[in-house]
Structures are given as C-alpha cells and as structure tokens.
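Numbered according to my numbering, the sequence shown terminates at residue 990, and the numbering increases by one at each position without gaps. For every residue, glycine included, the Cβ atom is placed at its ideal position computed from N, Cα and C.
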Amino acid sequence: MKLRSLVALVVALVAVFILCAGGLGGFLGGGSANAGCIPMAAPPAAPPSASPPTSPFAPPTVWPAIGDWDSDQVGNAAAIVTTGARLGVPGRGWVIAVATAMQESTLRNLAGGDRDSVGLFQQRPSQGWGTPTQLQDPAYASEKFYRELITIGGWQTKPLTEVAQAVQISAYPDAYAKWEGPATRLVTAIADAAGLHTDGLGSCGAIGPWTQPVLAPVGSGFRTSDRLGHDGVDLSAPRGTIIRAASTGTVRTVRCDAAYASAGAPWGCDRDGHPTFTRGCGWYVDIDHAGGLLTRYCHMDKPPMVAVGQQVAVGQPIGVVGSTGHSSGPHLHFEVHQNGDASANSAIDPVPFMTAQNAPLGKPPCRFSMNLALSHRSVTRRVTLRHVSETCSAWRGMLMFSSVDPAVMSIDVEDRLSSVEVWYRPAAGEDLVTAALGRVSLTELMAARPVREFRWYKGRTFYSGWYWSATTGGHVAYESRLELARILLADFDPDVCGIVAQPFQVRGRVGDRDRRHVPDLLLGHRDGRVTVVDVKPAHRVADPVVREVFAWTAELVGLRGWTFEVWSEIDPVRLANIRFLAGYRRPFTVDGGLCAPVLDMVDGQVTVGGVERLARSIAAPERIRPVLLHLLWSGQLGGDLSVPLGAGSLVWRTEQP
Numbered sequence: 334m335k336l337r338s339l340v341a342l343v344v345a346l347v348a349v350f351i352l353c354a355g356g357l358g359g360f361l362g363g364g365s366a367n368a369g370c371i372p373m374a375a376p377p378a379a380p381p382s383a384s385p386p387t388s389p390f391a392p393p394t395v396w397p398a399i400g401d402w403d404s405d406q407v408g409n410a411a412a413i414v415t416t417g418a419r420l421g422v423p424g425r426g427w428v429i430a431v432a433t434a435m436q437e438s439t440l441r442n443l444a445g446g447d448r449d450s451v452g453l454f455q456q457r458p459s460q461g462w463g464t465p466t467q468l469q470d471p472a473y474a475s476e477k478f479y480r481e482l483i484t485i486g487g488w489q490t491k492p493l494t495e496v497a498q499a500v501q502i503s504a505y506p507d508a509y510a511k512w513e514g515p516a517t518r519l520v521t522a523i524a525d526a527a528g529l530h531t532d533g534l535g536s537c538g539a540i541g542p543w544t545q546p547v548l549a550p551v552g553s554g555f556r557t558s559d560r561l562g563h564d565g566v567d568l569s570a571p572r573g574t575i576i577r578a579a580s581t582g583t584v585r586t587v588r589c590d591a592a593y594a595s596a597g598a599p600w601g602c603d604r605d606g607h608p609t610f611t612r613g614c615g616w617y618v619d620i621d622h623a624g625g626l627l628t629r630y631c632h633m634d635k636p637p638m639v640a641v642g643q644q645v646a647v648g649q650p651i652g653v654v655g656s657t658g659h660s661s662g663p664h665l666h667f668e669v670h671q672n673g674d675a676s677a678n679s680a681i682d683p684v685p686f687m688t689a690q691n692a693p694l695g696k697p698p699c700r701f702s703m704n705l706a707l708s709h710r711s712v713t714r715r716v717t718l719r720h721v722s723e724t725c726s727a728w729r730g731m732l733m734f735s736s737v738d739p740a741v742m743s744i745d746v747e748d749r750l751s752s753v754e755v756w757y758r759p760a761a762g763e764d765l766v767t768a769a770l771g772r773v774s775l776t777e778l779m780a781a782r783p784v785r786e787f788r789w790y791k792g793r794t795f796y797s798g799w800y801w802s803a804t805t806g807g808h809v810a811y812e813s814r815l816e817l818a819r820i821l822l823a824d825f826d827p828d829v830c831g832i833v834a835q836p837f838q839v840r841g842r843v844g845d846r847d848r849r850h851v852p853d854l855l856l857g858h859r860d861g862r863v864t865v866v867d868v869k870p871a872h873r874v875a876d877p878v879v880r881e882v883f884a885w886t887a888e889l890v891g892l893r894g895w896t897f898e899v900w901s902e903i904d905p906v907r908l909a910n911i912r913f914l915a916g917y918r919r920p921f922t923v924d925g926g927l928c929a930p931v932l933d934m935v936d937g938q939v940t941v942g943g944v945e946r947l948a949r950s951i952a953a954p955e956r957i958r959p960v961l962l963h964l965l966w967s968g969q970l971g972g973d974l975s976v977p978l979g980a981g982s983l984v985w986r987t988e989q990p
C-alpha cells in the first residue's frame, strides 16, 4: 500500500473513532470531575467552518427548557456559552453575549429580521459580519460577537448595555440592560450543566439566595458609639473591586448625591469625596428584594452598571468600589433595610443579617491550611481543609502569610496598589499586558496563560510538563514535580474552581531598586477567595533572600485582599493516593452507567472489596473498581487517604459540595 493511501486510511479510522467517542472533547475526557456520573447536556460547540454545512443549524443535543426559555432557546444560549468557553472568553462575556441575543432575537436563530439582519445576534452581511449562511451558524455568529467584544477596552467592568451597544451599534442602545439578570441566571444554569468554569459570575461555584457584595473585612460597624448615624457597615475593599448584588431583586435607585457638607451644593461624583468637606453616598444603588428588604451600595467609583427598574440576579456585578461622597478612602458602604423603607428608620445591622443568610460579612478567613499530614482520619473529602481562624500558622508543608489587617493599613495603600504593576498574558492574544495591582481584572487573570515560556534544555535538573485538570477542563503547566504535587492537591480539592500556572509577574520598587517575581499558581475558590501560591522545597524557603521575596509578595497580594501561600511538602502516602486516584479523574475511564448503581450499594462504611463483591451481579470487578476510584476522586465517596488504598480500604458516601 502506498504511503499516501496508508495515511488516508489512518486519518479515516481516527475520525471514525473520535466520532464514536462523542467528539474529540469526549475522547480526551473534557468537562467536570463528575462528568462521568452525570449526563452531559451538550458538548462544546464546534468552531465555525469557512464553508458551513447546508443542513439546518441546531443545538448539538436537545436541551431542557430552563425558566421562561424553551429547549431551542436554551440550546442556542448553550452554543453561545460553549463558544465563549472554547475561545477562552471570561464568564462575564458569556452573559453579555447571551443578553445581547435575548434582546436581538429572543434567542431564536432567525433567518431574517430588520433589513438584512440574520441569526441570534441579528448581524448584517452588508456590514461585514459574514454571509447569511454563516450568520445562522450559532457558533460562527457567537465567535464574531466575541472577537469584537474583546477589542473594547475595559469591557469586563463597563455596564453590559454600554458594551453590547459598542458591539452591535443598535438603534436602541439602552434596551440590553433589562436582560442582564435573566442572562446571568441562564448562563449559570448552562455552565453548571456543562461543567464549565463560570469565573466571572460571582463566586466560582453555585451561588445561594444571598452572597457577599464584596469579599472584604468589615471596617466601621453599624451605629457604633462614635458613629451613631452610621446606618450600615464599611467593607474595606480596594478601588476597582467588583460590587455584586447581594440577592436577586429590582434596582430602585441609581444616583449620585455627593454634596458640599457646608453649603449643600453638588460636589459631583467625577472625583473622590472627603470625610469632612462632603456628604452623601456618592454613586450608589438601592435594590429591592423579596419580603420588603432593600440593600444599598455606596461610594462607587464610577456610574453603576445597572439602571432603575432593572432585574438583577444574586451575584450580578452592579458597580465597582470607589471613594465618592462622604468617604475617606476606597470602600463599600453596605446597608440593609426592612419594610421597603429606604430611610434610616428601617436600617438594620447587616452583619448578623447576612450571617443568618449564610453569606457572612467580615474578614475573610486567614486562609485554609491543608489538613494532610496532621489529620489522622478525614471523615470525607469535604473536610480535607482545616480552617485557620484569626492567626496564620506554619503547618507541615505549608507556610501561610496573612492578608494585611485593614486596621493597620495606612493611607498609602492606594498608592502602593497603583504603583505596583502586574504583567500577564491574556487568554486572547500573544502579547503581555500590564495593569496596576489595584485595578487588574481577576477574571482575566483566572483565564490567563503562563506569563513566561518554559525553559527546555539538555541536562536540566527539573521535570516540567502539562497536567490535564478535571477542575478547569484544560491543561495546567508545571515546572517541577513539587509543583505538580500542589496542582494535584488543588485539582482534588472541591473548594478550588480555578487553577492558573505562572499567572502573572508582579513588578515594583523596593528602595532604590526594581523587584520582579512570578508566583507559581493562582487558585480561585468557590466562595470567591483567591490564593497566590509559590512552591519551594523547605530548604530553599529557609534562604533569607527567598523569604524576603516571599514577604514582599505576600504584602502586595494581601493589599489586594488575596492570600499568599508557600507550599513545600505533603505526607507521601496521601500524595501517592491522590496521584493514583488522579488516573481516574477523566470520565471516559469509567462506565458512567455503573456510577449510580455502585453508589446505591455503599451503605455506611464498606470496603472496596466488599463493594466489588456486591456488584458482581451487575458487572465484573475489573469494571467496578475504576468506578469506585472515580467516585473517590470526584468526592462522591469518601475514604481514609492517610493509609495506602487497597481492597480492604473503607469507603462511604458523602454529601456533595
């Protein structure tokens, strides 16, 4: 057989195999850690083709109706979301795109509309968007929208309606705002079903009825003895921090009320306020919630992202932290009112109220220290972390640096945040970009690619490579075996929802010299916390020069409200177990149809061998054991990982996160 014929045959066989495996994504095991035990609603949309097929465009599988949106509409929204995920566009972009399609076409793939407008976004061939056939391909149309979106400077912090209008150039520029809440809810539901990381939609994971408007410590409290008229609490967050709606509701007020304290004349909100010379909230938003509750968000840095009458979802961005109005520095003044009354008469203390809503305000935990070598027997995978409350401690294998307490933060904090640069490589684009530490977008950092290229040379003494993460559904780079170990722990940790390697380089002045440092990892947590990690062997951590660099980095990331962690080692038995379980993290390694029956057979604490014997009626042991190991990895089963895993290891069912 000639070489050309042989190559053609091999390509054909591979193509058939991939199609039978459910596409390349299914073959490679993309998706969430639990994807093997839950049905995937739809695979990611394929890239748009230069010559689209002539068959009618439709979602890859049938989606269920969600809320007021029927199956076809949800399928079209899913195509928009999965295209954004494929392109590396942050979750905020998915919401903007879906909201735009809601306004333009009610998520219908229209063959024709106003003038020559076509498809979900009603894009016009005459304006260079593409041919009518191309624009009726949801993946193609979505990609064209995203390509235009990411060219808009600061699009992630601008109001949705402003960004959508910049892309669409609509005759009704304010019409998009009303769709932000519905789009946020629909995108979150689709992303949860598809196992996608919704990095820009509030916390990383599922969000409850209430959430913290910002993750920041409480400064001035509610009606304290020295401030009896202080009808809320101050949350000490840096300028530019995204403020989120504490719960679902309707925007009642969007206003700037900054005024001179003496004469009452307008001060304006185009500049910072003053603790003595000005009064008022500055830029602020009031939101009405169910049960007659109202929340107020004051001192925003720029006009809010929402409009009066707009429906907002819990966790939806509504503005950014600033210092307008009666303010001594950047922070969020947050109030809660009862009985639909926005006056001081109805104000209640937000701290106990938010605690009762399971969304407590206040100082974020000093951090979580891995309960690995110190724990004798973890009950479930959900308690592989131990809370270190007010003081950070040096545990075996982890040295924690506390975030800076706002009580000792001096007036030069804002100067520090502005003077320190963060260099990173965004998901879209090859060139490095820079931003001040206080203003860099966390959403973009969580989607960034490694800021530096890996060094490859003969005779190197370190081992580097790429690890496929079940948490992110993509590959994470590592430069050493020790880094790989820390990535494995993060991937196994149910509270981690984002892992970025070599995420950025921080640059600043120390005395008369420049200092630069690239941390090893950036971790996003499901409750919105952020951890910057450096991985170093214990003997190197003891080096005074290394400790000086780490202390400098810890101070800087602490000013941003993040935590810095130095990680050195782990109990070797536990690491060996997690490394072994990681071999079963991909859903395609198991028979997904066996997951539910196997779980049903686990009653109390049973051994691995015992489950295999019970399951002989449904499958051979060699098919059951991979299922058990996958369930252990995904957290649906718990086990004692401080001793080697084997047929005699006890497992038990756990509550899912």
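If we call anything under 7 Å between Cβ atoms a contact, is residue i one with residue j?
i      : j      : result
Val654 : Ala781 : no
Ala549 : Leu568 : yes
Leu750 : Trp756 : no
Gly625 : Gly673 : yes
Ser679 : Gln690 : no
Val618 : Ile651 : yes
His872 : Tyr917 : no
Gly972 : Leu965 : yes
Asp853 : Glu881 : no
Thr776 : Gln545 : no
Ala810 : Ala834 : yes
Gly942 : Ala909 : no
Gly891 : Gly857 : no
Trp543 : Ala692 : yes
Gly582 : His607 : no
Leu493 : Ile575 : no
Thr517 : Gln644 : no
Asp682 : Phe478 : no
Ala598 : Ile523 : no
Ser797 : Glu812 : yes
Gln455 : Glu437 : yes
Arg560 : Ala592 : no
Leu665 : Val587 : no
Met934 : Leu914 : no
Thr557 : Ala497 : no
Val753 : Gly841 : yes
Pro458 : Pro465 : yes
So residue i and residue j are in contact, right, with Cβ under 8 Å, and what is the actual spacing, rounded?
i      : j      : result
Leu443 : Val431 : Incorrect: roughly 16 Å between the Cβ atoms, too far for contact.
Leu770 : Arg859 : Actually they are not in contact, since the Cβ atoms of Leu770 and Arg859 sit about 24 Å apart, beyond 8 Å.
Leu889 : Val829 : Their Cβ separation, rounded to whole angstroms, is 22 Å, which puts Leu889 and Val829 out of contact at 8 Å.
Val944 : Ile957 : 7 Å
Ala761 : Gly421 : 6 Å
Leu694 : Val551 : 6 Å
Val639 : Val584 : 5 Å
Asp426 : Gly417 : Position check: residue 426 holds Gly in this sequence, whereas Asp was assumed. Gly426 to Gly417, Cβ: 5 Å. Contact.
Gly615 : Gly573 : Not really, about 15 Å apart at Cβ, beyond 8 Å.
Leu453 : Ile413 : 7 Å
Val976 : Val906 : 7 Å
Leu821 : Ile911 : 6 Å
According to DSSP, residue i sits in a beta bridge with which residue or residues?
i       : result
Glu754  : Ala769, Arg840
Leu983  : Thr940
Ala1076 : The structure shown does not extend to residue 1076, since the chain is modelled only from 334 through 990, so no value can be given for it.
Asp867  : Val899
Leu854  : Ala834, Val866
Asp621  : Thr583, Leu627
Gln545  : Gln545 pairs with nothing; no bridge assigned.
Glu668  : Arg629
Asp567  : His666
For a minimum of 4 consecutive residues, which ranges assigned as the alpha helix (DSSP H) are wholly contained in the stretch 874 to 911? Correct list: 877 to 892.
When you compare the stretch 918 to 933 with the stretch 887 to 903, are there three or more beta-carbon pairs, one atom per stretch, that lie closer than 8 Å? Counting Cβ pairs under 8 Å, fewer than three are found: no touch.
Is it the case that the stretch 506 to 514 contacts the stretch 628 to 637, given that we only count it when at least three CB pairs across the two stretches are under 8 Å? Touching, no, given that fewer than three Cβ pairs across the two stretches are closer than 8 Å.
Mind listing, in chain order, the continuous alpha helix (DSSP H) runs of no fewer than 4 residues lying wholly within the stretch 391 to 479? Counting only runs of 4 or more, we get 404 to 420, 424 to 438, 465 to 468.
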